[in-house]
Each structure stands twice: as C-alpha cells, then as structure tokens.
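In the working numbering, the protein residues as written are 1049 to 1635.
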Amino acid sequence: MNQPKQKIRLGDLLLQNHIINQQQLEQALTAQKASGRKLGHVLVEQGIVSEQELLSFLSQHLKVPLIDIPSSRIRLEHVKLLPEVQARRYRALVIEDSGDHMLVAMSDPADLAAVDTLSDLLPKPIKLAVASESQLLEAFDHFYRRTEEIASFAQELAEEYNEESDFDLLGGLEDEQDTAVARLLQSIFEDAVQAKASDIHLEPDEGMLRIRMRVDGLLQENLIREKNIASALVLRLKLMCGLDISEKRLPQDGRTQIRIKGHVIDVRLSTMPVQSGESVVMRLLDQSAGILTLEQTGMPLPMLRRLRTLLTRPHGMILVTGPTGSGKTTTLYGALSELNQPEKKIITVEDPVEYRLPRINQVQVNPRIDLTFSNVLRTTLRQDPDIIMVGEMRDTETVEIGLRGALTGHLVLSTLHTNDAISSAIRLLDMGAPGYLVASSLRAIVAQRLVRRICDNCKETYTPSEEEVFWLSHLDANVGQMQFKRGSGCQNCNQTGYRGRVGVFELLEMTESMMDALKAGDTAAFSHAAQNSPQYAPLSNVALSYAKLGVTTVEEVLRLVEMVSEVVAPKAKDDSDEPDEVTHGDV
C-alpha cells in the first residue's frame, strides 16, 4: 500500500516547500480552530493556495497519482465496495480494482487514520490517489443512488401495514420521523436531490407502484412491487401540504418546503385520481441553489448583450416563450435579479411564486377568490411600478392590460406558450389584441428550449446516418462535411450519453417592417420580415451550431426541430446569435 509511513502535518510541509509563509499558516490555523475543518480546505477557502496547486503538491510529495474523476472510467460495483457513510466521511472513492489491489482516490491521502480504516473496510490492499474534494462530493451523489434503500423501506412499510390496513390511521401518528412512511419519503426525496431531478412522479399501477424521476428532461423509472403502500405515501404527502386527506375523487394542488442534506427544497404537489388510486407529481425547486444568472442559462454572448440592452429600456414588453419545462422562468428570474436595484420598483404576478426575491413585491394569484392575473395587474399599475413581471399571458384581458402597461411607461416581462418567437407575436393577435397595440408595445421575443449536453466522460466522434444528414441539410447545406460528437454511455451519465442540459435561444427584436405588418394584421408579411431580419437565427440553427461545437448531439437537434416544427432553408448571412463556443453553466 502506497501510504505515508509517518504522520504528516500538511501546514509544515507547505511551509517547508515555500508554498505558504508563516503568517498565512497561522492565519489558516486560527480559522481552522474556529471552523473545525481540515487545514487544506481552509487554505483553499481563504484563497491562500488554489485547490489545483494543493492537489499537485500532495501528488508530488506523496508520490501518488492525481485523478480527474469526471474523465475516469469508474464502475459502480467497485464504488459500492466502500459503504456510502465511510466514503463521505473520509472523502474516498474506489476508482478501480486492478486484481491484486484497489485504487482509492482521496481528497487528503495524508490522513493516516482514514487510510487505515479504508484498508480494513476494503477486501484488497489499496493504492492511493488524490482528487478534488468537489469532484468527490459530486461523484458520491452520482454513484450512491438510493434505489436499494427505497425498495427496502417500501418492503418494510408493506410488512408493517398489510392490504387491509386503514392507512388513514397514519395521519394520527404523533412521531412522523419514526414511521416507515416518513423514512421512505425521506429516501425518495434524497435520491431525487442527488440525481438533480426536477420532478417526482408516484403512479399506482396494476400490482405495483411506479416511482419516476425527471432527470435532464427525461423520466427514469423505479418499480416498487408493494403497490399497497401507495395510499400511505399519498396520505402523508397530503398532510405535509395541508390538503384534504378525505378527498380522493378530485384533483388537489398544494405545496410544502423540506430540507434535504443542506438543500432547502420547495415542493409543488399535484394529485389526480386515476384507475388504480391517486397519481402524484411533485415539482422540486431548490431554493438553496440560488437563481441562475443570464450567463448561466447558456445564452450566447452576442444575444445576451442585445437582451441586456433591451432590459435597460424604460418601457415596452419583452416576452419569453416556449413549452412547459423549457426554462422560461429561469430566464425571467435571471433578468429580474439583474434589474433588482433600490431605485426600481418591481412587482411580479405569478402562479405560483417559485423563488422568493428580496426587494421585489411578488403576488400569488388565486382564482378561487377572483385574484386573477388581470385583476392583480390592474392594481399593480396603480402601485407606481417601474418593472412588472406577469407569470403568463393566459387570456385577452391580461394581454391587453400588459400591452397598455408597456405603452404607458413600464417595462413588462412575461411568458407565452408558443413554439417560437415568430408565432408568439401572431399569437397575441389571435388572442384578440389590437395590431396597433402589439406593434407599439412589443419590443422583443425570446424563444427557448433545453437540450441535453453530451457527457464529457464518454464523448466520442459520431457520423450521422444518411437520413439524419438529409434532414440537417435543410438547416445547413454543408452538414455532410461537419464533425459531430455523441456519448457512448458510462456510469457517470447512467449509460445515457448525456449529463446536464443547456439552453437554446432565439431572440427576435421588432423592426419597422415587422411593426408595420402587425399594425396591418398581416401575419404572412410579419413572418417574412422576421425570418429575413439580419440578427435573427432560428432555434434549430442555434441547436445545430451547438452540435457542431460538440455540446449536444444530432439526435437532440432533430428532436428540437420536431418540437418546433420548423425546417427552414439556410440563410446566406452571418447569424451572429449562433455561438462560437458554449462555456456557460447547465440549466
């Protein structure tokens, strides 16, 4: 085993090798006593040394390899040889089994006590490597999924309460944390947070309960054979959200907030009666993750600069469009966070309020008491706002009030459920808004989708099929000479070839010819003027540029083209909104 033979004091080593000075060491030791964290973590946190510098030093001094976990081929069966509790405690991950020994990556391979414990826990001698703590923590969340734990808790619950049990009695239990129901729900939520799922679906079926989680836009399924536990789970969730537990015939909506492993999660719950019981869908909103900036959405820099210019204007309407789950709210909140200044009064009208923002007056609509978008919007205009955000343009009355507000000195932001930017302006006319009002108030439309990113760990060159080349050639005639990538599938991406998502955007700014067409109600002329606008690049073209850069796949491009139902001939111009590179964070 290639472990140090004597106790090593990291601070002394760094001092002797002139990585830090005595004053920096004393400063870090003082902070370490106050926080209780390891010295290396404190040194990096205070900016005394960079994490990469510290890792390289440990690798050279201890003569152990430096491992980049995302680019390593790691097998789940090797990882599971070390229990999750010990892996997280000692920041250690089994990288591979080489037959006569096991390679274990640690954030601090100089920790002799941890090394000794790992040697006792693992079935073979170990060789050490050093890895970034942040990479290790991400790997723990990825590899240690709770599928087996969920199945175990489900079986325990089924044994405790048989088919004839009155599950309504569960509502009267005093100590919820000691019940099998609470433990099972806790495990489901923890698994969803680890997998970065946006939704949890609980679906009772013939002889089983389906638990499905939406990760990167697609559902991942886990089957539980103990179907009789479904009513217990629904009951507990209804109690958590303050819903009527006796009502099983009608849909209900509610929300609650939970804390999972340091994450504050808002849970929006919807129940619906189905043939085998009640189906539950929960939307998870991680409040502790914060609001993404506009850069982090993946918007290309040329487009981002144009949008920021539009946001500085004192009045007019900017629409963000796309189907449910396309990231519209993320973009709007990113814009609001930039606009949120003490000198500006901002009011939002939402259903529901997804993220709480300081200094912004957020109103939750409630149709049951006639607190509708249109009624709240009328009052909002009398509250002396500078900026108004309307969650969604749902009806003609809301559209007209919003447009008139934009015309009378307010910046109005809102969303619309349409396929692309061009059809959004036409949709306003179809909803009954006068053409002159749309032309005078509407400033720009952002349309967006989310596409899956290729997993960097298993990325490989891909040659499209003849059929794929045929369809892509409608977007770019030179597609046959382009190089593309795809993911072959690995443990890091659950064999999907994808990991994370990135936004694809199109931005349509109103020009004089477009406004003239809207005033005349001439939708064909408007479409023609928009498509020939020099700065307009359709969603499909932007997605293809992402594929050319190796960010996403041909499959994702064609899926997006099918969603927006647009295959247009390539334009003989430079589409400035198409990115030269994509370096922004995932959505």
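From the three backbone atoms N, C-alpha and C, an ideal C-beta is built for every residue, glycine too. Computed from a predicted structure; not experimentally measured.
Opposite residue i in the DSSP bridges: which residues?
| i | result |
| --- | --- |
| G1302 | L1317 |
| E1398 | Q1412 |
| S1327 | M1320 |
| N1270 | I1259 |
| R1353 | In the DSSP output, where bridge partners are listed per residue, R1353 has none listed. |
| V1550 | V1499 |
| M1365 | V1460 and L1490 |
| P1252 | L1257 |
| D1334 | I1313 |
| E1144 | L1151 |
| R1534 | E1508 |
| V1178 | L1114 and M1154 |
| M1437 | T1396 and L1461 |
If you compare alpha carbons, which of the options is closest to residue i?
| i | options | result |
| --- | --- | --- |
| P1482 | M1558, V1447, Q1579 and L1058 | V1447 |
| V1368 | L1291, M1351 and V1494 | V1494 |
| K1392 | L1587, I1408, R1404 and E1402 | I1408 |
| G1457 | E1445, L1490, G1480 and M1441 | L1490 |
| L1498 | E1269, G1265, A1076 and I1293 | G1265 |
| L1129 | P1113, Q1108, L1151 and R1121 | L1151 |
| I1394 | M1154, E1554 and A1383 | A1383 |
| E1514 | D1443, G1528 and L1523 | G1528 |
| I1068 | G1088, I1198, Q1543 and K1081 | G1088 |
| G1537 | S1107, Q1094, R1123 and D1060 | R1123 |
| Q1385 | R1404, P1371, G1375 and E1398 | In the sequence as presented, Gln is not what sits at residue 1385; that position holds Ser. The option with the nearest alpha carbon to S1385 is R1404. |
| L1061 | L1285, K1086, H1109 and V1097 | H1109 |
| D1662 | V1411, R1193, L1355 and P1171 | With the chain represented from 1049 up to 1635, any question about residue 1662 goes unanswered, as that position is not in the structure. |
| L1232 | A1492, A1243, A1076 and Q1203 | Q1203 |
| V1263 | D1253, A1245, L1257 and L1250 | A1245 |
| I1248 | D1239, L1451, E1254 and G1255 | D1239 |
| E1092 | Q1268, I1272, S1336 and S1182 | The residue asked about is misnamed: residue 1092 is Val in this sequence, not Glu. Of Q1268, I1272, S1336 and S1182, the residue nearest in Cα terms is S1182. |
| T1396 | G1346, L1058, V1438 and V1112 | V1438 |
| D1156 | R1085, E1402, N1505 and S1488 | R1085 |
| I1366 | D1570, G1375, L1451 and L1073 | L1451 |
| D1504 | N1540, I1272 and L1520 | N1540 |
| H1190 | D1148, K1567 and V1127 | V1127 |
| I1198 | V1609, S1235, A1572 and S1593 | S1235 |
| L1333 | R1303, R1356 and L1355 | R1303 |
| V1609 | Q1335, M1261 and A1591 | A1591 |
| L1077 | N1526, Q1064, S1120 and G1059 | G1059 |
Taking DSSP as the reference, what is the three-state secondary structure of residue i?
| i | result |
| --- | --- |
| Y1192 | coil |
| L1523 | coil |
| M1611 | helix |
| I1474 | helix |
| R1442 | coil |
| T1428 | helix |
| S1462 | strand |
| L1129 | coil |
| L1556 | strand |
| I1068 | coil |
| K1244 | coil |
| P1173 | coil |
| G1450 | helix |
| T1509 | strand |
| G1483 | helix |
| R1307 | strand |
| L1419 | strand |
| G1059 | helix |
| I1122 | coil |
| F1215 | Residue confidence is low: F1215 scores 43 on pLDDT, short of 50, so the model does not pin down where it sits. Its coordinate-derived value is still stated next. Note: F1215 maps to helix in three-state DSSP. |
| Q1203 | helix |
Since I believe residue j is in contact with residue i (beta carbons under 8 Å), could you give me their beta-carbon distance rounded to a whole number of angstroms?
| i | j | result |
| --- | --- | --- |
| E1440 | T1463 | 5 Å |
| F1237 | I1306 | 6 Å |
| G1545 | G1346 | The pair is not a contact, with the Cβ atoms about 19 Å apart (cut-off 8 Å). |
| V1612 | N1467 | 5 Å |
| I1096 | Q1080 | That pair is no contact at about 12 Å. |
| L1160 | Q1134 | The pair is not a contact, with the Cβ atoms about 16 Å apart (cut-off 8 Å). |
| S1180 | E1074 | With a Cβ gap of about 26 Å, S1180 and E1074 do not count as contacting. |
Can you tell me whether residue i sits near the ligand NAP, meaning its C-beta is under 8 Å from at least one heavy atom of the ligand?
| i | result |
| --- | --- |
| Q1071 | Although the ligand NAP was asked about, the structure shown includes no ligands whatsoever. |
Check whether the stretch 1274 to 1293 and the stretch 1318 to 1333 touch, using three or more Cβ-Cβ pairs below 8 Å as the test.
Touching, yes, given that three or more Cβ pairs across the two stretches are closer than 8 Å.
Would you call the stretch 1465 to 1477 in contact with the stretch 1377 to 1391, where contact means no fewer than 3 C-beta pairs closer than 8 Å?
The stretch 1465 to 1477, when compared against the stretch 1377 to 1391, does not touch it at the 8 Å Cβ threshold.
Is it the case that the stretch 1125 to 1140 contacts the stretch 1550 to 1568, given that we only count it when at least three CB pairs across the two stretches are under 8 Å?
No: fewer than three Cβ pairs fall under 8 Å.
Could you say if the stretch 1288 to 1299 and the stretch 1332 to 1347 meet the contact criterion of at least three C-beta pairs nearer than 8 Å?
The stretch 1288 to 1299 vs the stretch 1332 to 1347: no contact.
Specify whether the stretch 1597 to 1609 and the stretch 1529 to 1538 touch according to this definition: at least 3 beta carbon pairs, one from each stretch, less than 8 Å apart.
Here the stretch 1597 to 1609 lies against the stretch 1529 to 1538, with 3 or more beta-carbon pairs under 8 Å apart.
I'd like to know if the stretch 1348 to 1356 and the stretch 1310 to 1317 are in contact, where contact means that at least 3 CB-CB pairs between them fall below 8 Å.
Result no; under three Cβ-Cβ pairs closer than 8 Å.
Give a yes or no on contact between the stretch 1176 to 1187 and the stretch 1148 to 1167, applying the rule of three or more CB pairs nearer than 8 Å.
Touching, yes.
Cβ pair count under 8 Å reaching 3, the stretch 1571 to 1587 against the stretch 1540 to 1559
Taking 8 Å as the limit for Cβ pairs, the verdict is that the stretch 1540 to 1559 does touch the stretch 1571 to 1587.
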